[in-house]
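Visitor:
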Amino acid sequence: MSFEPVIGLEVHAQLLTETKIFCGCSTAFGAPPNSQVCPVCLGLPGALPVLNERAVEHAVRTAVALECTVHRASIFARKNYFYPDLPKGYQISQYEEPLATDGHVEYFDDGAARRVRIMRVHMEEDAGKSIHDGFPDSGGKTYLDFNRSGVPLAEIVTQPDLRAPSEAARFFQRLRRILLAAGVNDGNMEEGSLRCDANVSVRPRGAEALGVKVEIKNLNSFRFLERALDYEVGRQSALLERGGTVVQETRLWDVAGGRTVSMRSKEEAHDYRYFPDPDLPPLVLDSDWVASVREGLPELPEARKQRLMADHGLPERDAALLADDPDLSSFFEAAAAAAGNARAAANWIMGAVAHRMKTLGVGIAAAKVTPASLGALIRLVDGGTISNSVARDVFEKMAATGRPPEAIVEAEGLSQIGDAEELGAAVRKALSENPAAVGKYRTGKTGALGFLVGQVMRATRGQANPRVVNELLKEALETGEE
Amino acid sequence: MPDRLTRADVERIAALAHLDLTPEEVDLFTPQLADILEYAERLQGVDVSGADESWHPGGADCPRRPDSVRPSLARDQTLANAPDGVADRTSETGGFFRVPRVLG
Chain A
2 MSFEPVIGLE VHAQLLTETK IFCGCSTAFG APPNSQVCPV CLGLPGALPV LNERAVEHAV
62 RTAVALECTV HRASIFARKN YFYPDLPKGY QISQYEEPLA TDGHVEYFDD GAARRVRIMR
122 VHMEEDAGKS IHDGFPDSGG KTYLDFNRSG VPLAEIVTQP DLRAPSEAAR FFQRLRRILL
182 AAGVNDGNME EGSLRCDANV SVRPRGAEAL GVKVEIKNLN SFRFLERALD YEVGRQSALL
242 ERGGTVVQET RLWDVAGGRT VSMRSKEEAH DYRYFPDPDL PPLVLDSDWV ASVREGLPEL
302 PEARKQRLMA DHGLPERDAA LLADDPDLSS FFEAAAAAAG NARAAANWIM GAVAHRMKTL
362 GVGIAAAKVT PASLGALIRL VDGGTISNSV ARDVFEKMAA TGRPPEAIVE AEGLSQIGDA
422 EELGAAVRKA LSENPAAVGK YRTGKTGALG FLVGQVMRAT RGQANPRVVN ELLKEALETG
482 EE
Chain B
20 MPDRLTRADV ERIAALAHLD LTPEEVDLFT PQLADILEYA ERLQGVDVSG ADESWHPGGA
80 DCPRRPDSVR PSLARDQTLA NAPDGVADRT SETGGFFRVP RVLG
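Protein chains in written order, with the working numbering: chain A, 2 to 483; chain B, 20 to 123.
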């Protein structure tokens, strides 16, 4: 029997604030343990939480970027459980009456239109960090750092609209790009500012009813997400194939073992005893303010991609690559305008420019090549002043020195030689030194022409105009002059 | 109505909360805590079947503060009351709270 996976994601995104959600402690990453804590985020008795206005704004930005309905009033609730990294014994979250519901992400994936519905977006505080290993007494002790305790998060829950592990991983990448573009999250999965849990079940292909779902926790890379889902889909399918049943439970991805392992079953599931937090009155949002947040959103990647395709005639693949990086998109649009040739600008940016950025490990903003200078370089090629191969050398010099391309071509005498007189000697030399190729050509193997053109180009250090060389060689070969 | 809170209850709660109470303090807190519990019981006895559900007593919007950093506690202060904290910054385990091992 063939089974179809049904997958939904729960994503936790750290909102880009200076301070925690309910107190003025810094959220900066990498500080010494317990150096960014206070009575509020340590859960000391009598401390009162006060909501961070920037966290609210970023949560609303997240919600509107995901096309959600933002509710006028939402409620903060206490989610009660006991674990050492949760000093108050409860996490302040939203449960009934969340910030926003009913959104969606529409995007193209492998040329097909997709739509993943967003069930809800709500605000909550992060817990502290437990460290179970690496200390001399780790055999008997767990260490705790509360710097993360109270860091503001948006929890984003999708409907079970994903149908393959690879699709889920690509959707998570897309979601990350949206959050980055909206300016609400730094996308740094290694530092834990973007984390993902997945709900997955399988059902016989063609069936309507959903199977029993399993939740996989802490999938903190695109690769782990895809591998854990692959494993889990295989495990559940094999179980059903043998006539077994899937148990509703929470599982963990075991990186070293390459498998998921059971963490707790539904019977052991927590009863969180949610109730409205008496310290925090309902959050009431003004609809005009929500509208202004929506209007203040920058262009998001999918919209930008569509625009690059429409305005510049780029194929979807190229447009998607450029659209994912706002700086790169702006650079492209300025370079395309300066060059009067969008296609060439895109090729340069995704080729030589991207290569150089990758080698140096810098963003486009740090590049010595500007959109204007790249545009000028493309004009030199299009106008026949230099060949493409010379242009590549000029580009390297521009990137190293920041000098404009015209100055480099002028100073180094790199202008293309298109004059038949000037090229004559090199053409005659190529013919006389390569009698075998000449013979081949004359017996009808016209492919030998390319080899001869290459010889002339090499002799002129790439400066010969290949079109003129082609014509001169053909003329000489066909008239028998050498 | 269940039995009133006893001295033994208070001593047990104090031990769980790592509080060292003097016998005089136990004498003081036992009737105070018992009174609080009895008050809560009286509230539970009120008939609210005709009242609308509400999330919060006041009608106010949730107060907000600007996103600006305020000083955190000094680490010695933070760890001062931890039963097993490691305040010594020079030690490799310095600066952490420490609890009995949670996993395994």
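We put the beta carbon where it would ideally sit given N, CA and C, even for glycine. Because the structure is a prediction, the values reported are computed rather than measured.
Pull up the distance between the alpha-carbon of Met20 (chain B) and that of Arg274 (chain A), whole angstroms please.
Guide: Any answer about Met20 (chain B) is weak, because its pLDDT of 45 lies below 50 and its placement is not dependable; what the coordinates show is given next. Distance between the alpha carbons of Met20 (chain B) and Arg274 (chain A): 24 angstroms.
Visitor: Step through the CB atoms of chain A and report whether any lies within less than 8 angstroms of the CB of Phe48 (chain B).
Guide: Not closer than 8 angstroms to any Cβ of chain A, the Cβ of Phe48 (chain B) fails to qualify, so no.
Visitor: One question on the structure: do Ser202 (chain A) and Val213 (chain A) come within less than 8 angstroms of each other, judged by their Cβ atoms?
Guide: In contact: Ser202 (chain A) and Val213 (chain A) (Cβ atoms closer than 8 angstroms).
Visitor: By the three-class DSSP mapping on this structure, what secondary structure does Phe83 (chain A) have?
Guide: In this structure, Phe83 (chain A) counts as coil in the three-state DSSP scheme.
Visitor: Determine the direct distance from the alpha carbon of Arg459 (chain A) to that of Gly425 (chain A), and round the result to whole angstroms.
Guide: The alpha-carbon atoms of Gly425 (chain A) and Arg459 (chain A) are separated by roughly 14 angstroms.
Visitor: Assuming Ala60 (chain A) contacts Val7 (chain A) (C-beta within less than 8 angstroms), just tell me the rounded distance between them.
Guide: Wrong, their Cβ atoms sit about 28 angstroms apart, outside the cutoff.
Visitor: Classify Arg224 (chain A) as buried or exposed, calling it buried when 16 or more other Cβ atoms lie within 10 Å of its own Cβ.
Guide: By the neighbour-count rule (16 or more Cβ atoms within 10 Å), Arg224 (chain A) is not buried but exposed.
Visitor: Which residues in the same chain have their Cβ closer than 6 angstroms to the Cβ of Gly123 (chain B), if we skip the five residues on either side of it in sequence?
Guide: Low confidence applies to Gly123 (chain B): its pLDDT is 47, below 50, so where it sits in the model is not reliable, and the reading given next is rough at best. Nothing listed; no residue qualifies.
Visitor: How about the region 174-191 of chain A and the region 291-299 of chain A: do they share at least three Cβ pairs that are nearer than 8 angstroms?
Guide: Segments in contact, yes.
Visitor: Just to confirm the assignment, what range does the beta strand (DSSP E) spanning Ala14 (chain A) have?
Guide: Residues Phe4 to Gln15.
Visitor: Excluding the 5 residues preceding and the 5 following Leu478 (chain A) in the sequence, name in chain order all residues of the same chain whose CB lies nearer than 6 angstroms to its CB.
Guide: Within the same chain, Leu478 (chain A) has close Cβ partners Tyr442.
Visitor: I'd like the span of the alpha helix (DSSP H) that includes Thr97 (chain B), first residue to last.
Guide: Residues Arg94 to Ala99.
Visitor: Measure how close the beta-carbons of Pro302 (chain A) and Arg178 (chain A) come, nearest whole angstrom, since I'm counting them as under 8 angstroms.
Guide: Contact holds; Cβ gap of about 5 angstroms.
Visitor: Since Pro283 (chain A) meets chain B, which of its residues come closer than 8 angstroms, beta carbon to beta carbon?
Guide: Within 8 angstroms Cβ-Cβ: Trp74, His75, Asp80 and Cys81.
Visitor: Sorted by chain position, which residues of the same chain lie with C-beta nearer than 8 angstroms to Asn53 (chain A)'s C-beta, five sequence neighbours on each side aside?
Guide: Result list for Asn53 (chain A): Thr18, Thr20, Lys21, Ile22, Phe23 and Pro153, in chain order.
Visitor: State the start and end residues of the unbroken beta strand (DSSP E) segment that holds Phe109 (chain A).
Guide: Phe109 (chain A) -> beta strand (DSSP E) spans Ala101 to Asp110.
Visitor: Kindly indicate which three-state DSSP category Trp254 (chain A) falls into: helix, strand or coil?
Guide: Strand at Trp254 (chain A).
Visitor: Where Ala33 (chain B) and Pro46 (chain A) are concerned, what is the direct C-alpha to C-alpha distance, given to the nearest angstrom?
Guide: Cα to Cα, the separation comes out at about 15 angstroms.
Visitor: Could you tell me which uninterrupted beta strand (DSSP E) segments, each at least 3 residues in length, are contained entirely in the region 200-229 of chain A, listed from first to last along the chain?
Guide: Within the region 200-229 of chain A, the complete beta strand (DSSP E) runs of at least 3 residues are 215-218.
Visitor: When we look at the beta-carbon of Ala465 (chain A) and count the other beta-carbons within 10 Å, is it buried (16 or more) or exposed?
Guide: Flag for Ala465 (chain A) reads buried.
Visitor: Give the residues of chain B in contact with Val51 (chain A), contact being defined as C-beta atoms less than 8 angstroms apart.
Guide: Result: Pro82, Arg83 and Arg84.
Visitor: Are three or more beta carbon pairs between the region 99-110 of chain A and the region 66-79 of chain A nearer than 8 angstroms?
Guide: Cβ pair count under 8 angstroms is three or more, so yes.
Visitor: Hey, would you say Gly259 (chain A) sits closer than 8 angstroms to Arg228 (chain A), going by beta carbons?
Guide: Cβ atoms of Gly259 (chain A) and Arg228 (chain A): closer than 8 angstroms.
Visitor: By the 10 Å Cβ neighbour count, where 16 or more other Cβ atoms means buried, how is Tyr84 (chain A) classified, buried or exposed?
Guide: Counting Cβ neighbours within 10 Å, Tyr84 (chain A) comes out exposed, since fewer than 16 surround it.
Visitor: Taking 8 angstroms as the cut-off, decide whether the C-beta atoms of Gln37 (chain A) and Asn148 (chain A) are in contact.
Guide: In contact: Gln37 (chain A) and Asn148 (chain A) (Cβ atoms closer than 8 angstroms).
Visitor: So Leu145 (chain A) and Gly135 (chain A) are in contact, right, with Cβ under 8 angstroms, and what is the actual spacing, rounded?
Guide: Between Gly135 (chain A) and Leu145 (chain A) the Cβ distance is about 13 angstroms, and since that is not below 8 angstroms, they are no contact.
Visitor: Out of curiosity, what's the CA-to-CA distance linking Arg115 (chain A) and Leu195 (chain A)?
Guide: Near 23 angstroms, if we compare the C-alpha coordinates of Leu195 (chain A) and Arg115 (chain A).
Visitor: Taking only beta-carbon positions, decide if His13 (chain A) is within less than 8 angstroms of chain B.
Guide: So, not an interface residue.
Visitor: Identify the contact partners of Val57 (chain A) in chain B, using a Cβ-Cβ distance below 8 angstroms as the criterion.
Guide: Simply Arg83.
Visitor: In terms of residue numbering, what span does the alpha helix (DSSP H) encompassing Asp28 (chain B) cover?
Guide: Unbroken alpha helix (DSSP H) run through Asp28 (chain B): Arg26 to Leu35.
Visitor: Which class does Met20 (chain B) belong to by DSSP, given the choice of helix, strand or coil?
Guide: In this predicted model, Met20 (chain B) has a pLDDT of only 45, less than 50, meaning its place in the structure is not dependable enough to derive any value.
Visitor: CB Val370 (chain A) to CB Val354 (chain A), shorter than 8 angstroms?
Guide: Yes.
Visitor: Given this structure, state the Cα-to-Cα distance separating Ala113 (chain A) from Leu35 (chain B), to the nearest angstrom.
Guide: For Ala113 (chain A) and Leu35 (chain B), the distance between alpha carbons rounds to 59 angstroms.
Visitor: Using a Cβ-Cβ cutoff of less than 7 angstroms, which residues in the same chain neighbour Pro405 (chain A) once the five nearest sequence positions on both sides are dropped?
Guide: Cβ neighbours of Pro405 (chain A) beyond the five flanking positions: Ser374 and Ala377.
Visitor: Name the two residues that bound the continuous alpha helix (DSSP H) containing Leu52 (chain B).
Guide: Looking at the DSSP string, the run of the alpha helix (DSSP H) that includes Leu52 (chain B) is Pro42 to Gln63.
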